Structure formats: C-alpha cells, structure tokens
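Enquirer:
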Amino acid sequence: MDNKKQNILIISSITFVVLCAILMVVFLVLEANKLDRVSTLVVHAKQNSEPKTVKDYSEFQTMIGDDDRIMVLIPPGFFQMGSDNGDPDEAPQHPVFLSGFYIDQSEVTNASYSRFLKATGYSKPFVPVFDDDPAKLLHPEQTAVGMTWDSAAGYCLWAGKRLPTEAEWEKAARGETRRVWPWGDTFSDQSANIKGEFDGYIYTAPPGQFESGRSPYGIYDMAGNGAEWVEDWYDEQAYASAPVQNPKGPEVGKHRVVRGGSWAESAVNVRTAKRFAARQGRADSIIGFRCAKDAVSAEG
Numbered sequence: 186m187d188n189k190k191q192n193i194l195i196i197s198s199i200t201f202v203v204l205c206a207i208l209m210v211v212f213l214v215l216e217a218n219k220l221d222r223v224s225t226l227v228v229h230a231k232q233n234s235e236p237k238t239v240k241d242y243s244e245f246q247t248m249i250g251d252d253d254r255i256m257v258l259i260p261p262g263f264f265q266m267g268s269d270n271g272d273p274d275e276a277p278q279h280p281v282f283l284s285g286f287y288i289d290q291s292e293v294t295n296a297s298y299s300r301f302l303k304a305t306g307y308s309k310p311f312v313p314v315f316d317d318d319p320a321k322l323l324h325p326e327q328t329a330v331g332m333t334w335d336s337a338a339g340y341c342l343w344a345g346k347r348l349p350t351e352a353e354w355e356k357a358a359r360g361e362t363r364r365v366w367p368w369g370d371t372f373s374d375q376s377a378n379i380k381g382e383f384d385g386y387i388y389t390a391p392p393g394q395f396e397s398g399r400s401p402y403g404i405y406d407m408a409g410n411g412a413e414w415v416e417d418w419y420d421e422q423a424y425a426s427a428p429v430q431n432p433k434g435p436e437v438g439k440h441r442v443v444r445g446g447s448w449a450e451s452a453v454n455v456r457t458a459k460r461f462a463a464r465q466g467r468a469d470s471i472i473g474f475r476c477a478k479d480a481v482s483a484e485g
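In this text, residue positions in the sequence shown follow the numbering used here: the first is 186, and each later residue adds one.
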C-alpha cells in the first residue's frame with residue numbers, strides 16, 4: 186500500500202472515531218434532558234396528587250329551608266360594599282351594616298324548581314334554543330335558569346323565603362373583606378364556571394362543583410354558573426345615597442339587579458362587586474337565583 190492510500194485510510198479512521206464520539210456525546214445529552222423532564226413530570230404529578238386542604242365552614246350555623254335546601258347564617262355586622270376600581274355603578278365603596286340573615290348555600294336547581302312548578306302552576310322557565318339542544322340546561326341537578334324575576338320571587342315565597350337584597354348577596358359573596366372574587370383577589374379557572382370549557386363545563390353546572398370557589402361563609406357559585414336575581418331595583422347611582430343599615434335599594438325602577446355573572450361571562454364580570462341590570466320580565470339561559478330569610482323569622 187502506497188503512502189497516499191495509507192494516509193487516506195488513517196484520516197478516514199480518525200474521522201470515523203471522532204464522529205462516533207460526537208454522536209455518543211449528543212446521545213448522552215439527550216438522555217440526560219429526557220431524564221430531567223421525566224423527573225420534573227413526576228414531581229409535578231406528586232404535587233398535583235397531594236390532597237388539597239379543604240376549608241372548614243362548620244363554624245357557620247345552617248338550617249334546612251322549607252324546600253329542603255341548606256341555608257347558611259350570615260352573621261350581623263359591617264362589610265365594605267361596592268368597588269372604587271370597577272364600573273361606575275359600583276362606586277363609591279361604602280360601609281354597610283346588615284342584620285343577620287340566612288341565604289341558600291347553593292343556587293336553586295331544576296329539580297327544586299320543578300317541584301315548585303308542579304305545586305303552584307307557575308309557567309315553566311323559558312330557555313331559548315341554543316346549540317339546537319336546550320336540554321343541555323335542563324338536567325335535574327343543574328342550576329335552574331330561564332325564569333323571570335317574578336317567578337324567582339314566587340319560588341322564594343312558596344319556600345317560606347325571599348330573594349336576598351343586593352347588599353345581602355354581596356356580603357354573602359365577599360364576607361367582611363374587600364376581595365375581588367369570593368375566594369380572593371386572584372382569579373382561578375378552577376374556582377368558577379365561566380365562559381369557556383377550561384373549568385369543565387360549557388353551560389351550567391350542578392351547584393357545588395367548585396370547592397375552591399366558595400365564599401368566606403362557604404356559599405357556592407357566587408361567581409359564575411347562573412347569574413342571580415336579587416330583590417333590588419337597579420339604579421346606577423344607588424350607592425351615592427344608600428343608607429348604612431340594611432339598604433334595600435330604590436323604591437321603584439325600570440330594571441332589577443342581577444348579581445354574580447354567569448357561565449357565559451368573563452372573569453372580570455363575575456367579581457363580587459359587579460352589577461347587572463335586567464328587565465323584570467327577562468328570562469334567558471344565564472339567570473337563575475337563590476333565596477334568603479331573615480334570621481329572626483327563621484329562629485322565631
């Protein structure tokens with residue numbers, strides 16, 4: 186073998202060895218990264234599998250209403266109503282004192298509302314056809330929607346209760362704090378049923394599915410799911426002259442107040458201070474309700 190061929194063979198061998206070494210290094214780096222990713226996923230899975238702390242709400246007294254639904258006692262005291270950082274009709278934020286009252290722990294369901302309809306002869310809720318399947322809103326365990334303000338008030342009367350005032354609703358939602366949402370000041374897509382599917386529901390959910398979204402008193406779904414009728418007439422300037430003790434809103438008006446936002450709203454529209462106005466005869470797929478009761482009448 187001449188020197189030229191010998192040199193070519195040597196160079197080829199060296200090149201082959203170098204390439205093998207480079208490939209080995211690349212393989213080892215890729216394997217190391219793979220192991221790091223697996224380790225990260227395992228740690229993350231362990232963190233997610235750890236049981237979450239469930240807050241104890243047993244300190245708050247409860248009772249069973251005439252419609253066999255749980256009600257929670259909201260103790261008397263002051264809270265800050267409204268917001269100076271929201272819409273104009275939420276201002277000014279102001280102190281309000283409320284006497285003790287009971288409020289339903291969860292929104293009225295289709296099952297409960299159906300019993301009312303059978304007992305009283307009220308008209309069935311009007312649920313507009315959407316997605317060509319209104320039955321998606323009518324499962325017995327889902328939050329009832331589609332009733333007018335008068336029908337919601339009629340149910341509460343039938344159950345020995347009444348609609349909550351706007352102030353009562355807000356205190357039950359935020360407690361004596363100024364929290365933005367019932368659970369705190371940071372929005373969580375696992376704490377409320379709002380627009381989109383990331384929370385697990387396209388439309389209404391059965392009440393009580395969002396444990397982390399409960400209010401300071403343990404009330405469910407004060408943000409999202411079904412928006413809720415309250416007793417008050419709507420007035421954009423109502424807070425400017427509202428009484429400090431047990432406000433009941435304007436004596437007359439053109440619209441009623443709706444609170445809490447719904448499954449069709451964004452996070453900003455399910456804040457504890459957010460207010461909506463709706464015609465008293467409005468009935469659609471986003472508005473439901475819950476009932477309240479004076480603590481004195483409940484215990485008397």
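A virtual CB, placed ideally from N, CA and C, is assigned to each residue, including glycine. For clarity, every value in this text was computed on a predicted model and none was experimentally measured.
Thinking C-alpha only, which one of GLN265, LEU322, ASN270, GLY409 is nearest ASP374?
Expert: One-based indexing of the sequence shown puts residue 374 at position 189. Cα-wise, what sits closest to ASP374 is GLY409.
Enquirer: In chain order, what are the residue ranges of uninterrupted beta strand (DSSP E) at least 3 long that sit wholly in the stretch 427 to 477?
Expert: Within the stretch 427 to 477, the complete beta strand (DSSP E) runs of at least 3 residues are 441 to 444, 460 to 463.
Enquirer: Residues in its own chain within less than 6 Å of LYS321 by CB, not counting five upstream and five downstream?
Expert: Here residue 321 refers to the residue found at position 136 of the sequence shown. TYR388, listed in sequence order.
Enquirer: Please say whether GLU413 and ARG475 have beta carbons closer to each other than 7 Å?
Expert: If you number the sequence shown from 1, residue 475 lands on position 290. If you number the sequence shown from 1, residue 413 lands on position 228. Yes; because the gap between Cβ atoms is below 7 Å, this pair is in contact.
Enquirer: Tell me whether ARG444 is buried or exposed, calling it buried when 16 or more other Cβ atoms sit within 10 Å of its Cβ.
Expert: The residue you call residue 444 lines up with position 259 of the sequence shown. Answer is buried; the Cβ neighbour count reaches 16.
Enquirer: Any idea what DSSP makes of GLU396, helix, strand or coil?
Expert: The residue given as residue 396 occupies position 211 in the sequence shown. It is helical.
Enquirer: In the DSSP assignment, the beta strand (DSSP E) including GLU353 goes from what residue to what residue?
Expert: What you label residue 353 is simply residue 168 of the sequence shown in a count that begins at 1. Segment 351 to 359 is the alpha helix (DSSP H) holding GLU353; no beta strand (DSSP E) there.
Enquirer: Unbroken beta strand (DSSP E) runs of length 3 or more, entirely within the stretch 228 to 312: which are they?
Expert: The stretch 228 to 312 contains these whole beta strand (DSSP E) runs: 247 to 249, 255 to 259, 262 to 266, 279 to 283, 286 to 289.
Enquirer: GLY381 to PRO313, Cα distance in whole Å?
Expert: Start at 1 with the first residue of the sequence shown, and residue 381 comes out as number 196. Start at 1 with the first residue of the sequence shown, and residue 313 comes out as number 128. Each residue's alpha carbon lies about 19 Å from the other.
Enquirer: Let me check understanding here. Comparing Cα to Cα, which of SER400, ASN295, MET407 lies closest to ILE379?
Expert: Position 194 of the sequence shown, counted from the start, is the residue given in the question as residue 379. Nearest of SER400, ASN295, MET407 to ILE379, Cα basis: MET407.
Enquirer: Give me the Cα-Cα distance between VAL429 and PHE282, rounded to the nearest whole angstrom.
Expert: As a working mapping, residue 429 is identified with position 244 in the sequence shown. As a working mapping, residue 282 is identified with position 97 in the sequence shown. Those two C-alpha atoms are separated by around 6 Å.
Enquirer: Using CA atoms only, rank isn't needed, just tell me which of ASP318, ALA358, ILE249 is closest to GLY345.
Expert: Locating residue 345 in the sequence shown gives position 160, where the first residue counts as 1. Of the candidates ASP318, ALA358, ILE249, the one whose C-alpha sits nearest the C-alpha of GLY345 is ILE249.
Enquirer: Going by the CB atoms, is the gap between PRO392 and THR457 shorter than 7 Å?
Expert: Walking along the sequence shown from the start, residue 457 turns up at place 272. Walking along the sequence shown from the start, residue 392 turns up at place 207. In this structure, PRO392 does not lie closer than 7 Å to THR457 by Cβ.
Enquirer: Rounding to the nearest angstrom, what Cα-Cα distance links PRO349 and PRO367 in this structure?
Expert: In the sequence shown, counting from the first residue as 1, residue 349 sits at position 164. In the sequence shown, counting from the first residue as 1, residue 367 sits at position 182. Roughly 17 Å separates the two Cα atoms.
Enquirer: With H, G and I counted as helix, E and B as strand and the rest as coil, what does DSSP make of ASP491?
Expert: Any property of residue 491 remains undetermined from this structure, which presents the chain solely from 186 to 485.
Enquirer: From LYS478, ILE259, ALA423, ARG254, pick the residue whose C-alpha is nearest to that of SER400; which is it?
Expert: Counting from 1 along the sequence shown, the entry for residue 400 is found at position 215. The residue with the shortest Cα to Cα distance from SER400 is ILE259.
Enquirer: Determine the direct distance from the alpha carbon of ASN431 to that of ALA352, and round the result to whole angstroms.
Expert: For the purposes of this step, residue 352 is taken as residue 167 along the sequence shown, with counting starting at 1. For the purposes of this step, residue 431 is taken as residue 246 along the sequence shown, with counting starting at 1. ALA352 and ASN431: Cα-Cα distance of roughly 8 Å.
Enquirer: Any idea which residues DSSP pairs TRP418 with across the strands?
Expert: In the sequence shown, residue 418 corresponds to position 233, counting from 1. Paired residue(s): ARG441.
Enquirer: Residues in the same chain with beta-carbon distance under 6 Å from ASN454, minus the five sequence neighbours each way, listed in chain order, please.
Expert: Working through the sequence shown from its first residue, we reach residue 454 at position 269. Result list for ASN454: GLY446, in chain order.
Enquirer: What are the start and end residues of the alpha helix (DSSP H) that includes GLU376?
Expert: Position 191 of the sequence shown, counted from the first residue, corresponds to residue 376. At residue 376 the sequence reads Ser, which differs from the Glu that was named. Neither: SER376 is in no alpha helix (DSSP H) and is coded neither H nor E.
Enquirer: The alpha helix (DSSP H) spanning ARG340 covers which residue range?
Expert: Locating residue 340 in the sequence shown gives position 155, counting from the first residue. Note that residue 340 corresponds to Tyr in the displayed sequence, not to Arg. Unbroken alpha helix (DSSP H) run through TYR340: 334 to 343.
Enquirer: PHE301 and TRP343 - do their beta-carbons sit closer together than 7 Å?
Expert: Against the sequence shown, residue 343 aligns to sequence position 158. Against the sequence shown, residue 301 aligns to sequence position 116. It is a contact, given that the beta carbons lie within the stated cut-off.
Enquirer: Would you check if there are 3 or more beta carbon pairs closer than 8 Å linking the stretch 270 to 288 to the stretch 460 to 480?
Expert: Yes, since at least three Cβ pairs between the stretch 270 to 288 and the stretch 460 to 480 fall closer than 8 Å, the two stretches touch.
Enquirer: Quick check: what's the CA-CA separation for HIS440 versus MET266?
Expert: Residue mapping note: residue 440 aligns to position 255 of the sequence shown, counting from 1. Residue mapping note: residue 266 aligns to position 81 of the sequence shown, counting from 1. If I take the Cα positions, the gap works out to 20 Å.
Enquirer: For ARG254, which residues of its own chain have a beta-carbon under 7 Å away from its beta-carbon, when the five flanking residues on both sides are left out?
Expert: As a working mapping, residue 254 is identified with position 69 in the sequence shown. Answer for ARG254: ASP289, SER297, listed in chain order.
Enquirer: Thinking C-beta only, is THR333 closer than 7 Å to GLY434?
Expert: Your numbering for residue 434 matches position 249 in the sequence shown. Your numbering for residue 333 matches position 148 in the sequence shown. No; because the gap between Cβ atoms is not below 7 Å, this pair is not in contact.
Enquirer: Throw me the rounded Cβ distance for the GLU361 and GLY262 pair, which I believe falls under 8 Å.
Expert: To locate residue 361, count along the sequence shown from 1; it is residue 176. To locate residue 262, count along the sequence shown from 1; it is residue 77. GLU361 to GLY262, Cβ: 6 Å. Contact.
Enquirer: Apart from the five residues on each side of it in sequence, which residues of its chain come closer than 6 Å, Cβ to Cβ, to GLN278?
Expert: Locating residue 278 in the sequence shown gives position 93, counting from the first residue. Result list for GLN278: GLN265, GLY267, SER268, ASP269, in chain order.
Enquirer: Name the residue from PHE372, PHE245, SER308 whose alpha carbon lies nearest to the alpha carbon of SER451.
Expert: If you number the sequence shown from 1, residue 451 lands on position 266. Comparing Cα positions, the closest option is PHE372.
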